[in-house]
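**Q** Below you'll find the structure I mean.
2 protein chains.
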Amino acid sequence: MDFTTAIGLLAGSLTTIAFLPQVIKTWKTKSTRDVSLEMFVIFCTGVFLWIVYGALIGDLPVVAANIVTLSLASTILFFKLKYR
Amino acid sequence: MDFTTAIGLLAGSLTTIAFLPQVIKTWKTKSTRDVSLEMFVIFCTGVFLWIVYGALIGDLPVVAANIVTLSLASTILFFKLKYR
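Residue numbers (the working numbering), protein chains in the order written: chain X, 1 to 84; chain V, 85 to 168.
In structure tokens:
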């Protein structure tokens, strides 16, 4: 793996893992009052399009990272709708 | 502009704009109790590395989108630290 791909995979890992603490926090507190519904609706739509873009340019870090990001972000969106 | 670049710019626009409702909500409520500090620390670090990655592969949508995303996400992080 070259340096550039390593940076891409690290970037993707971090922006993906980042949503896990929010999932855990919301899971524990069942409270989403301060979390923006609009943010997660728009964000999930955008991440889906990042997956499409990554597939079109054949870029593995973009596709892989965004599939996991979408899973976590959509879980937060689900919690927001459930615990609103 | 070709279709692929248009998808990339749309994806980047959405995952960037997504943070604006959270910035506005937090600005109005001054409340960040339900927002995860760890999420925004890790996310901002990851977005910075996406900018580096985009520069390394010479990809305009990745660089441009993530510069704006970093501005908004770091504003939310600032609010989280200020209104904790």
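Here a beta-carbon is modelled for each residue, glycine too, at the ideal position from N, C-alpha and C.
For residue 96 of chain V, which residues of its own chain have a beta-carbon under 6 Å away from its beta-carbon, when the five flanking residues on both sides are left out?
**A** Contacts found: 145 and 149.
**Q** If you compare alpha carbons, which of X:34, X:27, X:53 and X:51 is closest to residue 78 of chain X?
**A** Checking every option, the nearest Cα to that of residue 78 of chain X belongs to X:27.
**Q** Whose CA, out of X:58, X:24, X:8 and X:54, lies closest to the CA of residue 75 of chain X?
**A** Checked all of X:58, X:24, X:8 and X:54; the closest Cα to residue 75 of chain X is X:24.
**Q** Taking the alpha helix (DSSP H) that residue 137 of chain V belongs to, which residues open and close that run?
**A** Note, residue 137 of chain V: alpha helix (DSSP H), 121-141.
**Q** DSSP three-state call for residue 65 of chain X: helix, strand or coil?
**A** Three-state result, residue 65 of chain X: helix.
**Q** Any C-beta of chain X within less than 7 Å: which residues of the region 129-147 of chain V qualify?
**A** Of all residues in the region 129-147 of chain V, 129, 130, 131, 133, 134, 136, 137, 140 and 141 have a Cβ within less than 7 Å of some Cβ in chain X.
**Q** Assign residue 164 of chain V to one of two classes, buried (16 or more other C-beta atoms within 10 Å of its C-beta) or exposed (fewer than that).
**A** Looking at its Cβ environment, which holds 16 or more other Cβ atoms inside 10 Å, residue 164 of chain V is buried.
**Q** Let me see if you follow: with CB-CB separation under 7 Å, is residue 18 of chain X close to chain V or not?
**A** So yes, residue 18 of chain X belongs to the interface.
**Q** Indicate whether at least one CB of chain X lies closer than 7 Å to the CB of residue 119 of chain V.
**A** Closer than 7 Å: yes.
**Q** Please report the straight-line C-alpha distance between residue 21 of chain X and residue 1 of chain X, rounded to a whole angstrom.
**A** Distance between the alpha carbons of residue 21 of chain X and residue 1 of chain X: 29 Å.
**Q** For residue 74 of chain X and chain V, any beta-carbon pair shorter than 7 Å?
**A** No, residue 74 of chain X does not count as interfacial toward chain V.
**Q** Between residue 83 of chain X and the rest of its own chain, which residues show a CB-CB distance below 6 Å, the 5 nearest in sequence each way excluded?
**A** Cβ neighbours of residue 83 of chain X beyond the five flanking positions: 30 and 32.
**Q** How is residue 102 of chain V classed by DSSP in three states: helix, strand or coil?
**A** In this structure, residue 102 of chain V counts as coil in the three-state DSSP scheme.
**Q** Kindly give me the distance between the Cβ atoms of residue 52 of chain X and residue 99 of chain V, rounded to whole angstroms, as I take these residues to be in contact under 8 Å.
**A** The Cβ separation is near 13 Å, so there is no contact.
**Q** With respect to 6 Å, is the separation between the Cβ of residue 141 of chain V and the closest non-hydrogen atom of the ligand GTP below this value?
**A** Judged by which ligands are present, the structure shown has none, so any question about the ligand GTP falls away.
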